[in-house]
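6 protein chains.
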Amino acid sequence: MPIVTVTRRLRFNAAHRVHNPALSDEQNAALFGKCNNKNWHGHNYVLEVSVSGEIDAVSGYVVDLGRVRDIVEREVIEKTDHRNLNMEVDYLSGLNPTSENIIVAMWGVIEPALKPARLQRLRLWETENNYVEYEGE
Amino acid sequence: MPIVTVTRRLRFNAAHRVHNPALSDEQNAALFGKCNNKNWHGHNYVLEVSVSGEIDAVSGYVVDLGRVRDIVEREVIEKTDHRNLNMEVDYLSGLNPTSENIIVAMWGVIEPALKPARLQRLRLWETENNYVEYEGE
Amino acid sequence: MPIVTVTRRLRFNAAHRVHNPALSDEQNAALFGKCNNKNWHGHNYVLEVSVSGEIDAVSGYVVDLGRVRDIVEREVIEKTDHRNLNMEVDYLSGLNPTSENIIVAMWGVIEPALKPARLQRLRLWETENNYVEYEGE
Amino acid sequence: MPIVTVTRRLRFNAAHRVHNPALSDEQNAALFGKCNNKNWHGHNYVLEVSVSGEIDAVSGYVVDLGRVRDIVEREVIEKTDHRNLNMEVDYLSGLNPTSENIIVAMWGVIEPALKPARLQRLRLWETENNYVEYEGE
Amino acid sequence: MPIVTVTRRLRFNAAHRVHNPALSDEQNAALFGKCNNKNWHGHNYVLEVSVSGEIDAVSGYVVDLGRVRDIVEREVIEKTDHRNLNMEVDYLSGLNPTSENIIVAMWGVIEPALKPARLQRLRLWETENNYVEYEGE
Amino acid sequence: MPIVTVTRRLRFNAAHRVHNPALSDEQNAALFGKCNNKNWHGHNYVLEVSVSGEIDAVSGYVVDLGRVRDIVEREVIEKTDHRNLNMEVDYLSGLNPTSENIIVAMWGVIEPALKPARLQRLRLWETENNYVEYEGE
Numbered sequence: 005m006p007i008v009t010v011t012r013r014l015r016f017n018a019a020h021r022v023h024n025p026a027l028s029d030e031q032n033a034a035l036f037g038k039c040n041n042k043n044w045h046g047h048n049y050v051l052e053v054s055v056s057g058e059i060d061a062v063s064g065y066v067v068d069l070g071r072v073r074d075i076v077e078r079e080v081i082e083k084t085d086h087r088n089l090n091m092e093v094d095y096l097s098g099l100n101p102t103s104e105n106i107i108v109a110m111w112g113v114i115e116p117a118l119k120p121a122r123l124q125r126l127r128l129w130e131t132e133n134n135y136v137e138y139e140g141e
Numbered sequence: 005m006p007i008v009t010v011t012r013r014l015r016f017n018a019a020h021r022v023h024n025p026a027l028s029d030e031q032n033a034a035l036f037g038k039c040n041n042k043n044w045h046g047h048n049y050v051l052e053v054s055v056s057g058e059i060d061a062v063s064g065y066v067v068d069l070g071r072v073r074d075i076v077e078r079e080v081i082e083k084t085d086h087r088n089l090n091m092e093v094d095y096l097s098g099l100n101p102t103s104e105n106i107i108v109a110m111w112g113v114i115e116p117a118l119k120p121a122r123l124q125r126l127r128l129w130e131t132e133n134n135y136v137e138y139e140g141e
Numbered sequence: 005m006p007i008v009t010v011t012r013r014l015r016f017n018a019a020h021r022v023h024n025p026a027l028s029d030e031q032n033a034a035l036f037g038k039c040n041n042k043n044w045h046g047h048n049y050v051l052e053v054s055v056s057g058e059i060d061a062v063s064g065y066v067v068d069l070g071r072v073r074d075i076v077e078r079e080v081i082e083k084t085d086h087r088n089l090n091m092e093v094d095y096l097s098g099l100n101p102t103s104e105n106i107i108v109a110m111w112g113v114i115e116p117a118l119k120p121a122r123l124q125r126l127r128l129w130e131t132e133n134n135y136v137e138y139e140g141e
Numbered sequence: 005m006p007i008v009t010v011t012r013r014l015r016f017n018a019a020h021r022v023h024n025p026a027l028s029d030e031q032n033a034a035l036f037g038k039c040n041n042k043n044w045h046g047h048n049y050v051l052e053v054s055v056s057g058e059i060d061a062v063s064g065y066v067v068d069l070g071r072v073r074d075i076v077e078r079e080v081i082e083k084t085d086h087r088n089l090n091m092e093v094d095y096l097s098g099l100n101p102t103s104e105n106i107i108v109a110m111w112g113v114i115e116p117a118l119k120p121a122r123l124q125r126l127r128l129w130e131t132e133n134n135y136v137e138y139e140g141e
Numbered sequence: 005m006p007i008v009t010v011t012r013r014l015r016f017n018a019a020h021r022v023h024n025p026a027l028s029d030e031q032n033a034a035l036f037g038k039c040n041n042k043n044w045h046g047h048n049y050v051l052e053v054s055v056s057g058e059i060d061a062v063s064g065y066v067v068d069l070g071r072v073r074d075i076v077e078r079e080v081i082e083k084t085d086h087r088n089l090n091m092e093v094d095y096l097s098g099l100n101p102t103s104e105n106i107i108v109a110m111w112g113v114i115e116p117a118l119k120p121a122r123l124q125r126l127r128l129w130e131t132e133n134n135y136v137e138y139e140g141e
Numbered sequence: 005m006p007i008v009t010v011t012r013r014l015r016f017n018a019a020h021r022v023h024n025p026a027l028s029d030e031q032n033a034a035l036f037g038k039c040n041n042k043n044w045h046g047h048n049y050v051l052e053v054s055v056s057g058e059i060d061a062v063s064g065y066v067v068d069l070g071r072v073r074d075i076v077e078r079e080v081i082e083k084t085d086h087r088n089l090n091m092e093v094d095y096l097s098g099l100n101p102t103s104e105n106i107i108v109a110m111w112g113v114i115e116p117a118l119k120p121a122r123l124q125r126l127r128l129w130e131t132e133n134n135y136v137e138y139e140g141e
């Protein structure tokens with residue numbers, strides 16, 4: 005049976021600062037520069053959620069992407085859109101919200117919520133010029 | 005010798021409905037919602053065709069992408085562009101034209117036509133927010 | 005007071021054929037070629053809705069774009085998305101659904117629904133390579 | 005002599021909240037919804053700066069777009085990128101940072117700085133789905 | 005009768021250098037910097053061709069965009085694509101190929117060729133960050 | 005520890021011709037068609053540089069993408085932007101500048117310069133319709 009990967013893109017707009025609370029203000033400024041601005045900045049993030057599996061013989065789908073969208077909207081987007089990533093998002097609590105830390109935290113939320121569908125890959129665009137990818141390993 | 009993957013993007017505009025002829029109308033409506041509309045809807049599809057291999061020492065190409073384009077235009081695009089995917093496309097005959105089923109059927113046409121070049125991956129965008137990928141396994 | 009134009013983009017996916025019912029099948033085929041395919045084709049349309057006016061001193065908005073989106077979703081998108089433009093859309097009834105005819109018909113629906121906001125321009129993308137614009141004159 | 009319009013696109017990432025300090029918190033929440041979140045959100049803004057004029061016979065340019073970029077970078081982008089639009093940007097001081105108010109304020113900074121070149125139009129994208137335009141009137 | 009503007013996008017890839025042959029090499033270098041590199045550089049240009057007019061009652065078109073595409077392909081694109089803009093393009097002969105000079109020269113070719121259709125606007129993208137517009141005046 | 009891949013996109017505009025100096029002019033013309041034009045053509049290239057690794061516990065980064073950008077700007081972009089790929093780029097010297105040969109040559113420059121960070125993948129877009137990928141094997 006062929007294995008196909010299906011992907012849904014979703015968007016959220018959020019404020020953040022790159023900041024490690026275990027470091028001093030001077031260390032944070034030296035390490036993160038303008039991304040550490042204490043008054044925040046923000047991005048239009050794009051998240052791509054990819055699920056892999058065999059094609060279901062009845063539906064012709066690997067998974068209903070409408071269901072994927074609804075789950076990710078509920079579990080991730082609604083908690084994150086128009087929010088402050090350092091202060092307001094439960095699954096990012098205590099984390100320095102770099103794209104790397106965000107994507108791994110989102111995997112932790114999305115992967116169990118999508119089961120039995122198998123989450124194959126997340127890709128998170130912070131700007132049109134940089135993105136991160138994670139495959140759960 | 006380095007292995008490089010080269011990709012060509014192509015477009016086609018088509019009508020379809022997501023519909024499994026083995027199910028009743030009620031089952032189809034319940035399973036596929038507005039995508040099952042009996043009067044059709046349609047998309048601007050984008051197909052990415054990726055070929056992998058060693059770089060030829062004479063041409064500097066893995067494969068002539070103009071030749072890839074011509075083959076895929078002839079074998080897939082001309083038969084599909086401005087067509088009805090449920091009714092008019094020979095290689096989709098009898099299939100429920102979900103993106104998953106389309107991409108596997110296209111692989112069956114493109115992979116032998118490109119030989120001896122090695123088809124590595126197909127990616128099919130149905131909208132700017134969802135796409136499927138298949139690597140022939 | 006400064007006059008600013010604000011724009012919201014919305015999407016719909018639909019089937020259509022370019023066909024003038026007042027002509028014979030032969031005339032339609034000669035005039036419209038593959039766009040006249042009797043079994044339909046389709047597109048991912050993008051509609052840009054632009055409203056002009058003075059900035060409201062209280063809200064800082066020309067118009068609440070969320071309200072614009074809701075009105076256009078209700079009046080145009082919900083009636084058109086995943087539909088057949090020749091058969092199923094009340095405000096296109098009897099029209100040959102070229103982009104030109106669609107945009108003028110959409111103006112006739114959207115312009116009164118947005119009042120007292122002033123509709124300034126519609127832009128409708130049929131594919132990434134062609135679009136039409138209308139300013140109500 | 006032909007009149008040509010030349011445009012340069014520039015980017016900045018910023019935090020903001022839509023908030024009118026003359027209103028109560030309840031009024032702000034009612035009027036602006038999630039855009040009023042007191043902990044901020046943010047966007048990847050794109051600014052398009054358009055200058056019109058005759059083509060200079062020596063340079064073949066209406067204006068050196070490198071000079072336009074340098075002026076707008078210095079006068080607007082450096083003061084705004086990775087900043088909080090409600091708190092940190094001098095030319096937005098006291099303003100509710102809706103896209104409408106931002107674009108008019110930016111016009112006030114850019115128009116005199118570009119002289120004798122004639123600023124024709126600003127277009128500001130807040131997200132890929134909404135933008136505002138201003139021509140100085 | 006409503007006036008609608010219809011637009012077709014076309015692409016060409018070309019080499020050029022920004023260079024005024026009436027100036028010395030030193031003057032050219034001072035004025036144009038790296039864009040004056042004597043060994044050329046190049047771009048993926050995108051040209052948008054806009055035609056305005058009443059909608060034809062029989063076709064539902066302002067103009068057949070397939071005919072627009074064919075004319076512009078023949079008159080402009082085939083002469084320009086994969087060419088050197090300083091050396092090989094008849095309608096640019098003797099011109100410094102800035103985007104401003106290119107767009108006015110293209111207008112001179114396209115405007116008469118499209119008649120009786122009325123060319124309304126050309127837009128030429130040199131990169132994704134800069135473009136020029138011309139309306140024939 | 006999770007392994008994440010981070011990617012930075014960069015741009016350069018360059019002239020080239022596809023030409024193998026070991027072949028005759030007739031053979032080159034037959035093999036490469038208009039891409040062999042002796043007066044050059046050019047492209048707006050986009051390069052995506054992907055680095056993989058564990059997330060650093062202090063910075064929350066796999067690697068500082070600002071550092072990646074600076075290295076790639078210095079080692080590759082500044083030597084290539086607004087240049088002739090056949091004549092002026094040291095790391096392409098003697099090569100037929102197909103996208104395949106360019107990407108392998110860029111790997112040879114970027115991979116050691118980024119160490120100890122691990123270069124995972126390069127993707128090079130020649131036009132919006134074709135790109136190549138290389139993972140160093």
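Line by line, the protein sequences are chains H, B, G, S, D and X. Take any residue in the first sequence, note its place counting from 1, add 4, and you have its number in this note's numbering. Take any residue in the second sequence, note its place counting from 1, add 4, and you have its number in this note's numbering. Take any residue in the third sequence, note its place counting from 1, add 4, and you have its number in this note's numbering. Take any residue in the fourth sequence, note its place counting from 1, add 4, and you have its number in this note's numbering. Take any residue in the fifth sequence, note its place counting from 1, add 4, and you have its number in this note's numbering. Take any residue in the sixth sequence, note its place counting from 1, add 4, and you have its number in this note's numbering. C-beta: ideal position from N, C-alpha, C; glycine also.
Taking 7 Å as the CB-CB cut-off, is X:ASN133 touching chain B?
Yes - at least one Cβ of chain B is within 7 Å of the one on X:ASN133.
Where X:ASP60 and X:VAL66 are concerned, what is the direct C-alpha to C-alpha distance, given to the nearest angstrom?
In this structure, the alpha-carbon of X:ASP60 lies about 6 Å from that of X:VAL66.
How about D:ASN48 and D:ASN17: do their beta carbons lie closer than 7 Å?
Taking the C-beta atoms as reference points, D:ASN17 is found nearer than 7 Å to D:ASN48.
Compute the Euclidean distance between the alpha carbons of B:GLY140 and H:ILE7, then round it to the nearest angstrom.
For B:GLY140 and H:ILE7, the gap between their C-alpha atoms comes out near 8 Å.
Is the CB of G:VAL8 under 7 Å away from at least one CB in chain S?
G:VAL8 counts as touching chain S.
Taking any Cβ of chain D, which residues in the stretch 79-99 of chain X have a Cβ under 7 Å from it, in chain order?
Taking a C-beta cut-off of 7 Å against chain D, the contacting residues of the stretch 79-99 of chain X are HIS86, ARG87, ASN88, MET91, GLU92, listed in chain order.
Inspect the beta-carbon positions of B:SER56 and X:LEU35 and report whether they are closer than 7 Å.
Annotated as distal: B:SER56 and X:LEU35, with beta-carbon spacing of 7 Å or more.
Which of the three DSSP states, helix, strand or coil, is assigned to B:ASN40?
B:ASN40 sits in a helix when the DSSP states are folded into three classes.
Can you give the Cα-Cα distance for D:ARG125 and D:TYR138, rounded to whole angstroms?
Approximately 6 Å, taken between the alpha carbons.
Under 7 Å between the Cβ atoms of D:ASN40 and D:HIS23?
Yes, they are a contact pair.
Within 10 angstroms of the Cβ of B:ARG78, are there 16 or more other Cβ atoms? Answer buried if so, exposed if not.
With fewer than 16 Cβ atoms within 10 Å of its Cβ, B:ARG78 is classed as exposed.
Tell me the DSSP secondary structure of X:ILE59 in three-state form.
DSSP places X:ILE59 in coil when its eight states are reduced to three.
Expressed to the nearest angstrom, what Euclidean distance is found between the alpha-carbon atoms of G:MET91 and H:ILE114?
Cα atoms of G:MET91 and H:ILE114: separation of roughly 40 Å, rounded to the nearest angstrom.
Can you tell me where the beta strand (DSSP E) with G:ILE7 in it begins and where it stops?
Its beta strand (DSSP E) spans residues 7-20.
Check each residue of the stretch 10-37 of chain G: if its Cβ is closer than 8 Å to any Cβ of chain B, include it; give the result in chain order.
Those residues of the stretch 10-37 of chain G that come within reach of chain B (Cβ to Cβ, closer than 8 Å) are ARG15, ASN17, ALA18, ALA19, HIS20.
Rounded separation between B:ILE75 and G:LYS38 - CA only
B:ILE75 and G:LYS38: Cα-Cα distance of roughly 21 Å.
Neighbour flag for B:ILE106 against chain X, beta carbons, 7 Å
Proximity of B:ILE106 to chain X, defined by a Cβ-Cβ separation below 7 Å, is not satisfied.
Name the chain B residues whose beta carbon is nearer than 7 Å to that of H:TYR65?
Going along chain B in sequence order, the residues near H:TYR65 (Cβ under 7 Å) are THR102, GLU104.
What does X:LEU118 reach in chain H if we use C-beta pairs closer than 9 Å?
Within chain H, no residue comes near X:LEU118; the closest Cβ sits about 15 Å away, beyond 9 Å.
With distances taken from CA atoms, which of H:ASP68, H:ALA26, H:GLU52 is nearest H:PRO120?
Cα-wise, what sits closest to H:PRO120 is H:ASP68.
Taking H:LEU123 and H:ILE107 to be in contact with their CB atoms under 8 Å, please state how far apart those CB atoms are, rounded to whole angstroms.
Their Cβ separation, rounded to whole angstroms, is 12 Å, which puts H:LEU123 and H:ILE107 out of contact at 8 Å.
Looking at the unbroken alpha helix (DSSP H) that takes in S:LEU69, where does it start and where does it end?
Counting along the chain, the alpha helix (DSSP H) containing S:LEU69 begins and ends at 69-76.
In the DSSP output, which residue or residues are listed as bridge partners for G:VAL66?
Residue pairing by DSSP leaves G:VAL66 without any beta bridge partner.
For X:LEU69 and chain H, any beta-carbon pair shorter than 7 Å?
At least one C-beta of chain H is nearer than 7 Å to the C-beta of X:LEU69.
Interface residues of the stretch 53-64 of chain B facing chain X [CB-CB below 7 Å]
From the stretch 53-64 of chain B, only ILE59, VAL62, SER63, GLY64 have a Cβ closer than 7 Å to chain X.
Given a cut-off of 7 Å on the beta-carbon distance, is the pair X:MET5 and X:GLU58 in contact?
The Cβ atoms of X:MET5 and X:GLU58 lie closer than 7 Å to each other.
Would the beta-carbon of D:GLY46 fall within 7 Å of that of X:HIS45?
A contact, by the Cβ cut-off of 7 Å.
Out of B:VAL136, B:LEU27, B:GLY98, which has the shortest C-alpha to C-alpha gap to B:TRP111?
Put simply, of B:VAL136, B:LEU27, B:GLY98 the residue whose alpha carbon is nearest the alpha carbon of B:TRP111 is B:VAL136.
Is it true that the CB of B:SER97 sits closer than 7 Å to the CB of B:GLU130?
The Cβ-Cβ distance between B:GLU130 and B:SER97 does not fall below 7 Å.
May I ask which residues mark the beginning and end of the alpha helix (DSSP H) holding S:GLU104?
Start and end: 103-118.
Could you check if S:THR131 belongs to the surroundings of the ligand ATP, using beta carbon to heavy atom distance under 6 Å?
Ligands in the displayed structure: none, and consequently the ligand ATP is not present.
Please confirm whether D:ASN40 has its beta-carbon closer than 7 Å to some beta-carbon of chain X.
Cβ-Cβ to chain X under 7 Å: no for D:ASN40.
Inter-residue CB distance, H:ARG15 and H:VAL53 (contact presumed, cutoff 8 Å)
H:VAL53 and H:ARG15 do not touch by the CB rule: their CB atoms are close to 12 Å apart, not below 8 Å.
If we cut at 7 Å on Cβ distances, does B:VAL72 have a partner in chain H?
Residue-level contact check: B:VAL72 does not touch chain H, since none of the beta carbons of chain H fall below 7 Å from its beta carbon.
Buried/exposed call for S:ALA116, threshold 16 Cβ in 10 Å:
In the sequence under discussion, the amino acid at residue 116 of chain S is Pro, which differs from the Ala named in the question. The residue is exposed, with fewer than 16 neighbouring Cβ atoms inside 10 Å.
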